[in-house]
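If you're matching positions, the sequence shown starts at 10 in the working numbering and goes up one per residue.
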Amino acid sequence: MKTLANTKIKIRSLSKTFYSGQSVKALENINLDVYENEFLCITGPSGCGKTTLLRIIAGFESYEGEVLVDGNPVTSSGPDRFVVFQEFDQLLPWKTVFKNVEFGLRQEFGRCGSNPGIFKKSRF
Ligand SMILES: Nc1ncnc2c1ncn2[C@@H]1O[C@H](COP(=O)(O)OP(=O)(O)O)[C@@H](O)[C@H]1O
Ligand SMILES: [Mg+2]
């Protein structure tokens, strides 16, 4: 059930403008709630701001507005938010998708991790 209590990510009035030569408004007034265990897909044409939104949630970009994860404002990256990049030079191509995700978790939590069950779940 969706309740305020289990809101994992809360975004209010989020905007992002890039200033590199001419200014580019990548996001304007985004409002979004993502609930615990919810599987969410963001779709849209190229350039509409999908990657920018993910990078802001991950803590890689500054922003205007409110972005909360577990009630805490996003001010930097952290082990509670993983991004699997799509660029080939940022992945380990000899590993599966699952192993690429697992790689970052093992760096952070060690061989078995603080939550060993996470390594036993689905296989891709
Ligand atoms: N680092 C950046 N500097 C300047 N403009 C950027 C930067 N990153 C993205 N943009 C611009 O912001 C807009 C949204 O880009 P992006 O989030 O990559 O869209 P999508 O992932 O939906 O294709 C585009 O107009 C893009 O050119
Ligand atoms: Mg993109």
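We put the beta carbon where it would ideally sit given N, CA and C, even for glycine.
This one's a predicted model, so the numbers in the text were calculated from it and none came from an experiment.
- Query: How about Gly74 and Arg115: are their beta carbons less than 8 Å apart?
  - Reply: no
- Which class does Leu114 belong to by DSSP, given the choice of helix, strand or coil? helix
- Query: Are the Cβ atoms of Tyr72 and Lys25 separated by less than 8 Å?
  - Reply: yes
- CA nearest to the CA of Asn46, picked from Gly68, Ile18, Trp103: Ile18
- Query: Cα separation between Gly87 and Gly68?
  - Reply: 8 Å
- Pull up the distance between the alpha-carbon of Val106 and that of Thr60, whole angstroms please. 19 Å
- Query: Heavy atom of ligand 2 less than 7 Å from the Cβ of Lys59, yes or no?
  - Reply: yes
- Query: Which same chain residues, not among the five before or five after Asn40, have their C-beta less than 8 Å away from its C-beta?
  - Reply: Ile20, Arg21, Ser22, Leu23
- Taking Cβ to Cβ, would you say Leu77 is nearer than 8 Å to Gly58? no
- Three-way DSSP call (helix, strand, coil) for Gln31 in this model: strand
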